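For reference, the structure discussed in these notes is given below.
Given below as structure tokens:
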């Protein structure tokens, strides 16, 4: 698994991150990374405390679609639709 950590500067950003976790939890598709869990963390720094929304999800060992597309471009290969889907 991997943890996506979203540092939130205000309540609006925290709510947006929580909404992302909620949407991921509902999605069940082979083309979408699977959600496992979510938790909150308080990060302390020189400029005060910040809320961190942590989303635990499936690790995609080969990277994401953006990385795949960049690799295709570097290798001067066309992206075939069936590979992207």
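Numbering (this note's numbering), first residue to last: 309 to 393. From the three backbone atoms N, C-alpha and C, an ideal C-beta is built for every residue, glycine too. These figures come from a predicted structure and were not determined experimentally.
query                                                                                                   : result
First and last residue of the uninterrupted alpha helix (DSSP H) at residue 357                         : Run containing residue 357: none in the alpha helix (DSSP H); it sits in the beta strand (DSSP E), 356-365.
Residue range of the unbroken alpha helix (DSSP H) whose run includes residue 332                       : 319-334
Residues near residue 387 in its chain [Cβ-Cβ closer than 7 Å; skip 5 each side]                        : 377 and 380
CB of residue 351 within 8 Å of CB of residue 361, strictly                                             : no
Cβ separation of residue 341 and residue 365, assumed to be a contact under 8 Å, to the nearest whole Å : 5 Å
Buried or exposed (CB count within 10 angstroms, at least 16 for buried), residue 278                   : Nothing can be reported for residue 278, as the shown portion of the chain is limited to 309 through 393.
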